[in-house]
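Let me begin by presenting the structure, written as structure tokens, before commenting on it.
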Amino acid sequence: MPLPFALDHINLWLLEDGDGWTFIDCGIGDDATRALWERIFAGRIAGRPIRRLVVTHHHPDHAGLASWLTERTGAEFWMPQAEYFAAHAMREGSAGFGFDNIMAMFEHNGLAGEKLTLMQQRRSNYRSRVPGFPSVYRRLMDGQAHRIGGRLWSVVMGYGHAPEHAALYCEELGVLISGDMVLPRISTNVSVWANEPEGNPLALFLESLSRYAGLPATTLTLPSHGLPFRGLRERIAQLKEHHRLRLAELHEACGTPRAAADVLDTLFRRKLDAHQLFFAMGEAMAHLHLLHHDGRLKRSVGADGVIRYAKN
Numbered sequence: 034m035p036l037p038f039a040l041d042h043i044n045l046w047l048l049e050d051g052d053g054w055t056f057i058d059c060g061i062g063d064d065a066t067r068a069l070w071e072r073i074f075a076g077r078i079a080g081r082p083i084r085r086l087v088v089t090h091h092h093p094d095h096a097g098l099a100s101w102l103t104e105r106t107g108a109e110f111w112m113p114q115a116e117y118f119a120a121h122a123m124r125e126g127s128a129g130f131g132f133d134n135i136m137a138m139f140e141h142n143g144l145a146g147e148k149l150t151l152m153q154q155r156r157s158n159y160r161s162r163v164p165g166f167p168s169v170y171r172r173l174m175d176g177q178a179h180r181i182g183g184r185l186w187s188v189v190m191g192y193g194h195a196p197e198h199a200a201l202y203c204e205e206l207g208v209l210i211s212g213d214m215v216l217p218r219i220s221t222n223v224s225v226w227a228n229e230p231e232g233n234p235l236a237l238f239l240e241s242l243s244r245y246a247g248l249p250a251t252t253l254t255l256p257s258h259g260l261p262f263r264g265l266r267e268r269i270a271q272l273k274e275h276h277r278l279r280l281a282e283l284h285e286a287c288g289t290p291r292a293a294a295d296v297l298d299t300l301f302r303r304k305l306d307a308h309q310l311f312f313a314m315g316e317a318m319a320h321l322h323l324l325h326h327d328g329r330l331k332r333s334v335g336a337d338g339v340i341r342y343a344k345n
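When we follow my numbering, the leftmost residue of the sequence shown carries the number 34, and every step to the right adds one.
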């Protein structure tokens with residue numbers, strides 16, 4: 034399905050489930066995506082019931098049409114609990130989840146001037162991209178096994194990209210539906226969020242990658258962005274090395290005190306639009322937090338209220 038971002042698509046997965054179907058993720062909540070779903074309903078799956086909609090996590094490209102699809106098809110809605118509550122909190126702008134909370138956090142981490150103005154003009158668009166959300170759900174939990182199409186699919190939770198991201202693994206098929214946790218060409222965004230400003234999401238993400246690395250080397254990975262691929266362990270090793278190098282670069286950059294906004298050019302060597310800048314700030318903070326939690330950087334708050342990091 035298309036996306037209105039530089040990352041211009043999301044892969045959704047349809048699993049045959051007896052005489053019906055189980056859907057994995059649903060796309061962003063816009064008219065173009067609804068129209069594409071209507072074409073799918075009129076085509077190959079016409080006349081067959083939709084039994085389940087499984088949503089891996091709350092981000093709008095994965096969850097945007099959850100309400101519309103479940104109402105349209107009568108499908109049961111399955112999602113991890115933390116993701117379900119996060120979606121509702123984001124839609125309602127609950128305490129800690131509102132755009133103003135995020136902007137205040139970014140300002141405390143050094144975002145100012147033109148970049149701050151650019152970000153303030155962006156505003157929150159979660160509600161427009163997730164125009165509704167189911168009022169009931171069935172909870173996905175780590176280690177559960179669900180039978181889909183006569184085969185068992187195990188839930189493997191991952192952390193760092195989202196509060197409680199569900200991947201699905203079928204041992205019989207040797208297939209991992211990885212969602213955003215393992216992508217073939219780009220690194221997954223890992224950000225600090227305003228509702229957990231002291232979080233260490235990059236550490237959680239790297240620990241999660243180690244769990245997926247324990248799957249068989251022959252595993253076929255179906256990612257949410259990019260083409261399906263084999264070589265899961267090799268890709269995980271590449272991602273870990275990518276973050277190791279970025280952490281080393283940031284550590285060197287903090288020879289003098291630096292705020293997260295000060296190190297954006299170290300992590301991202303291209304011009305960033307407002308959408309990219311939003312996630313770049315969160316990712317810069319995530320890397321700095323890991324170095325701080327590991328004792329490699331010390332943290333101070335200046336008279337201007339800005340948080341800065343420097344080598345110990």
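For each residue, glycine too, the CB sits at the ideal point set by N, CA and C.
These figures come from a predicted structure and were not determined experimentally.
Rounded separation between residue i and residue j - CA only
i	j	result
residue 136	residue 152	8 Å
residue 329	residue 63	44 Å
residue 125	residue 150	24 Å
residue 204	residue 57	18 Å
residue 95	residue 141	30 Å
residue 163	residue 98	7 Å
residue 338	residue 231	16 Å
residue 220	residue 272	7 Å
residue 176	residue 189	6 Å
residue 331	residue 128	29 Å
residue 160	residue 311	17 Å
residue 238	residue 264	19 Å
residue 73	residue 79	8 Å
residue 69	residue 36	12 Å
residue 38	residue 309	9 Å
Boundaries of the beta strand (DSSP E) in which residue i is found, first to last residue
i	result
residue 56	53-57
residue 341	340-344
residue 212	208-212
residue 256	253-256
residue 161	Taken as a continuous stretch (DSSP letters only), residue 161 belongs to no beta strand (DSSP E), being part of the alpha helix (DSSP H) at 159-162.
residue 198	198-203
residue 194	Run containing residue 194: none; DSSP gives neither H nor E here.
residue 173	171-173
Secondary structure of residue i, DSSP reduced to three states
i	result
residue 70	helix
residue 221	coil
residue 150	helix
residue 186	strand
residue 230	coil
residue 39	coil
residue 48	strand
residue 155	helix
residue 334	strand
residue 320	helix
residue 135	helix
residue 90	coil
residue 65	helix
residue 166	coil
residue 244	helix
8 Å CB neighbourhood of residue i in its chain, flanking five on each side removed
i	result
residue 316	222, 223, 224 and 300
residue 255	44, 46, 208, 209, 210, 211 and 261
residue 109	84, 85, 86, 103 and 171
residue 282	299 and 300
residue 192	198, 234, 237, 238, 240 and 241
Cβ shell of residue i (< 7 Å), same chain only, five flanking positions each side left out
i	result
residue 91	116, 119, 120, 123 and 195
residue 280	320, 323 and 324
residue 144	152, 294 and 314
residue 40	258
residue 275	220
Cβ-based neighbour list, residue i, same chain, cut-off 6 Å, excluding 5 preceding and 5 following
i	result
residue 246	266 and 269
residue 106	83
residue 236	323
residue 290	341 and 343
residue 155	307
residue 178	185 and 187
residue 201	186 and 210
residue 181	48, 50 and 55
Whole-Å CB distance - residue i paired with residue j, under 8 Å assumed
i	j	result
residue 53	residue 77	Wrong, their Cβ atoms sit about 13 Å apart, outside the cutoff.
residue 214	residue 173	Not a contact, Cβ separation roughly 14 Å.
residue 199	residue 89	5 Å
residue 351	residue 100	The chain is shown only over 34 to 345; residue 351 falls outside these bounds and no answer can be derived.
N- and C-terminal bounds of the alpha helix (DSSP H) containing residue i
i	result
residue 274	265-286
residue 262	Note, residue 262: premise wrong, no alpha helix (DSSP H); not H, not E.
residue 124	114-125
residue 178	Premise fails: residue 178 lies in the beta strand (DSSP E), 178-181, not in any alpha helix (DSSP H).
residue 359	Residue 359 lies beyond the range of the chain shown here (34 to 345); nothing can be said about it.
residue 102	99-106
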